[in-house]
Structures are given as structure tokens and as C-alpha cells.
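To start, the structure under review is shown below, and the notes come after it.
Residue numbers (my numbering): 249 to 356.
Written as C-alpha cells, this is what we have:
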């Protein structure tokens with residue numbers, strides 16, 4: 249039986265989105281430095297590239313807010329190095345984690 253790498257990768261993406269969102273949610277009422285979140289998730293087998301794909305998706309869907317660590321201004325991931333960013337789960341992200349929103353791209 250041959251495994252389709254695209255299907256495997258898509259399955260990992262959905263699983264990884266959930267892992268990233270849950271990890272950022274640990275400190276729900278404050279921001280988490282993305283470098284620290286990535287470090288934790290790297291220990292769980294999520295590569296830097298996979299992590300950045302998840303951050304991009306979660307921010308584009310409105311599940312997390314991103315801001316610059318120094319200036320505290322909201323930013324877009326594509327415009328910054330993730331090392332200088334921090335993230336916080338939005339109200340929409342909390343609803344997703346609580347089951348109030350269904351998104352087949354995030355495994356919660």
C-alpha cells in the first residue's frame with residue numbers, strides 16, 4: 249500500500265493547527281512569544297516550516313492575533329520575522345477550542 253505524501257501532509261497540517269492553537273492558549277489572557285511556542289512544539293515533532301504554516305493559517309482565519317514584541321503593534325506574519333512576534337488566541341479561537349465553532353482544518 250502506497251501512502252500519498254500530500255494526504256499525510258494535509259493530515260499533519262490539521263493536527264498541527266490544533267497543537268499550535270492549544271499551545272498558544274495556555275496563557276489565554278496574555279501574549280506568548282512565537283519563538284518559545286515553536287521551541288515547545290519542535291519537541292513534539294513540528295518543524296519550523298510546519299509551525300509557520302500553522303501560524304499563518306490561524307492568524308488569517310482570525311483564531312490568533314500577532315503583534316511585535318517591542319512595539320506591541322499588530323502585524324502580519326509575512327511582514328516580520330516570527331522571532332520578534334508574539335501571539336494571543338482571539339475570542340474566535342477560544343470558541344473554536346470550546347467547540348462553539350467547527351473548522352475541519354483544525355483538530356481540537
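Here a beta-carbon is modelled for each residue, glycine too, at the ideal position from N, C-alpha and C.
Can you list, in chain order, the residues of its chain whose CB lies under 8 Å from that of residue i, leaving out five sequence neighbours each side?
i: residue 312; result: 269, 272, 303, 306, 335, 336, 337, 338 and 341
i: residue 345; result: 269, 270, 273, 337 and 356
i: residue 325; result: 300, 303, 304, 307, 314 and 333
i: residue 298; result: 260, 261 and 264
i: residue 293; result: none
Under a Cβ-count criterion, where at least 16 other Cβ atoms within 10 Å of its own Cβ denotes burial, should residue i be classed as buried or exposed?
i: residue 333; result: buried
i: residue 265; result: buried
i: residue 350; result: exposed
i: residue 280; result: buried
i: residue 289; result: buried
DSSP three-state label for residue i, please.
i: residue 315; result: strand
i: residue 323; result: coil
i: residue 354; result: coil
i: residue 296; result: helix
i: residue 334; result: strand
i: residue 341; result: helix
Got a sec? Which residues, its chain only, sit under 6 Å from residue i by beta carbon, not counting five neighbours each side?
i: residue 249; result: Only weak support is given to the placement of residue 249: the predicted model assigns it a pLDDT of 44, under 50, and the value that follows is read from those uncertain coordinates. Excluding positions up to five away in sequence, the list is empty.
i: residue 331; result: 283
i: residue 317; result: 332 and 334
Against chain D, with Cβ distances strictly below 8 Å, would residue i count as a contact?
i: residue 355; result: Reference to chain D is not applicable here, since this structure consists of a single protein chain.
Report yes if the C-beta of residue i is less than 7 Å from at least one heavy atom of the ligand HEM; otherwise report no.
i: residue 276; result: As far as ligands go, the structure on display features none, and thus does not contain the ligand HEM.
Inside the segment 260 to 286 only - beta strand (DSSP E) runs reaching at least 3 residues: none
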